[in-house]
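This report refers to the structure that appears directly beneath it.
2 protein chains.
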Amino acid sequence: MNVGDKLRAIRKKHGLSQRELAAKAGLTNGTISLIEKNRTSPSVASLKSLLDAIPISMAEFFTILEEDDSAKVFYRAQELTEISPSHQGGVSLRQLGNAAHHALQVLHETYEPGADTGPEFLSHEGEEAGVVVRGSIEVTVDGAVSLLNAGDGYLFDSRLPHRFRNIGTDPCEIVSACTPPSF
Amino acid sequence: MNVGDKLRAIRKKHGLSQRELAAKAGLTNGTISLIEKNRTSPSVASLKSLLDAIPISMAEFFTILEEDDSAKVFYRAQELTEISPSHQGGVSLRQLGNAAHHALQVLHETYEPGADTGPEFLSHEGEEAGVVVRGSIEVTVDGAVSLLNAGDGYLFDSRLPHRFRNIGTDPCEIVSACTPPSF
DNA sequence: ATATTCCGTTTAATATAATTGTCAATCGCG
DNA sequence: CGCGATTGACAATTATATTAAACGGAATAT
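Those sequence lines, one after another, are chains A and B. Just so you know, we're using this note's numbering here: the first sequence kicks off at 25 and counts up by one. Just so you know, we're using this note's numbering here: the second sequence kicks off at 25 and counts up by one.
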């Protein structure tokens, strides 16, 4: 998200110091320092106090912030965001960029040995495809089963029931794409 | 602001329970309950997690939220928001609505005995006017001084230096208006 | 040179948000 | 009815944001 950099940019554009803004907003300069360095995520109430003091509306702030995010092109490995809740079942799904603002969703997936997306076949609109980068994985799509190794790939209609299982002894990495994004 | 009611409305419109949304967002149902009841102000990070799970962007959320705020017409006494930082010098300025979205700013002001806006005359664009509701107050505008009592009023160009002092023994209440809003 | 002021950062203490575990209420279903 | 499942709410604990105070650097004045 990077609330910090955007807040700093806006504050400077308005010619305010951290202390000046803090006084207007009823917060402290230390708080603003921490927020701007992205060392804390401010409460909505705190952020609103800061923006009111500038002044700029919340809607405006997030509009330009998310525009910036959409314009982002390059992502460091650590910037991919984990979207698999609590790494359920040894599965890691690391998303490139903010899929909510794009038509394309790319994931860097890791399946630990024994990992399994489970038999609950959720089916969503669109297509998805991927290439195995490391290790091997058993993929089931609409009843058809195949063991894919590094370099192999898959491509299917997302509405078909599908399942991924790592039945090998090493972790398996996959780079996949999905359109439109699903959550 | 009322983040809670808006979140609840959106969540229900998408047919999600607190627990379902919590699971998707990686938070807990208890947290959502507290947020929806406006008993806490979520961190930006938490709110983003929730909105991503719905999904809806931050910009969208605050756009419709602040639209609602603008559409608000009636305000209970307790809904007026204090804009005088820490009641400096016994002065309370309670603003009606969110002035950031309107051309008109109305304040319910209270000056304790001895209260003083101070001699630092900040001058901003626009006009301001008010009526004394209770008590009396000494108003100085561009050098001219007058003691106003309940029922009296004032109206002047905001660019003229001005000062309010309660030199009486009782609190003084004023209802004032300003356009455009100043902070 | 040396205070002086203003800036942003950092640290330890405090206030607040988030989690955990539980509760009563509600809704179907047998 | 009576049972299990699901809902939103709440109290106590844990995690995190915020404060208050101090620090060091950079610019300006004495």
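Glycine is no exception: its CB is placed at the ideal position from the N, C-alpha and C atoms. Bear in mind the structure is a predicted one, so any value in this text is a computation, not a measurement.
Note down the Cα distance separating residue i from residue j, rounded to an integer number of angstroms.
i	j	result
L75(A)	A46(B)	28 Å
V115(B)	T141(B)	7 Å
G154(A)	L171(A)	14 Å
A33(B)	S70(A)	23 Å
S110(B)	A49(A)	Note that S110(B) scores 48 on pLDDT, short of 50, meaning its location in the model is unreliable; the coordinates nonetheless yield the value given after this. Approximately 11 Å, taken between the alpha carbons.
F85(B)	C202(A)	25 Å
S182(A)	P205(A)	11 Å
G121(B)	F180(A)	53 Å
R35(B)	R43(B)	11 Å
A208(B)	T105(B)	The structure shown does not extend to residue 208(B), since chain B spans only 25 to 207, so no value can be given for it.
A139(B)	G54(B)	44 Å
L184(A)	L128(B)	57 Å
V163(B)	A77(A)	27 Å
G39(B)	I59(A)	34 Å
K37(B)	D194(A)	44 Å
V165(A)	K61(A)	45 Å
V130(A)	T87(B)	28 Å
By alpha-carbon positions, which one of the options ends up nearest to residue i?
i	options	result
S57(A)	S41(A), E91(A), S81(A) and M82(A)	S41(A)
L51(A)	N62(A), K72(A) and K61(A)	K72(A)
I23(B)	I161(B), G192(B) and P185(B)	There is no way to answer for residue 23(B), as the model of chain B reaches only from 25 to 207.
C196(B)	R158(B), D181(B) and F188(B)	R158(B)
E90(A)	I80(B), L89(B) and I59(B)	I80(B)
G167(A)	S65(A), R63(A), R187(A) and G192(A)	R187(A)
S65(B)	F180(B), R35(B), A83(B) and L31(B)	L31(B)
D92(A)	M25(A), V165(A) and V169(A)	M25(A)
N173(A)	V165(A), V156(A), P185(A) and V163(A)	V156(A)
R63(A)	R63(B), K61(B), V68(B) and I59(B)	V68(B)
S200(B)	Y178(B), D194(B) and G192(B)	Y178(B)
Let's test the definition: count the other Cβ atoms within 10 Å of the Cβ of residue i and tell me whether it reaches 16, buried, or not, exposed.
i	result
P137(A)	exposed
R118(A)	buried
T134(B)	buried
N190(A)	buried
H132(A)	buried
G175(A)	exposed
E149(B)	exposed
E152(B)	buried
G28(B)	buried
V169(B)	exposed
**OP:** Using a Cβ-Cβ cut-off of less than 7 Å, give me the residues of the segment 51-70 of chain A that come near chain B, in sequence order.
**Re:** Within the segment 51-70 of chain A, the residues whose Cβ lies closer than 7 Å to some Cβ of chain B are S65, P66, S67, V68 and A69, listed in chain order.
Original post:
Closer than 9 Å, Cβ to any Cβ of chain A: which residues of the segment 25-44 of chain B, in chain order?
Top reply: Cβ proximity to chain A below 9 Å picks out M25 and V27 from the segment 25-44 of chain B.
**OP:** Mind checking the segment 80-93 of chain A against chain B and listing, in chain order, the residues whose C-beta falls within less than 7 Å of any C-beta there?
**Re:** Of all residues in the segment 80-93 of chain A, the ones placed with a Cβ closer than 7 Å to any Cβ belonging to chain B are S81, M82, A83, F86, T87 and E90, in chain order.
Original post:
At which residue ranges does the segment 43-86 of chain B contain complete beta strand (DSSP E) runs of 3 or more residues, listed in the order of the chain?
Top reply: You should have found no qualifying run.
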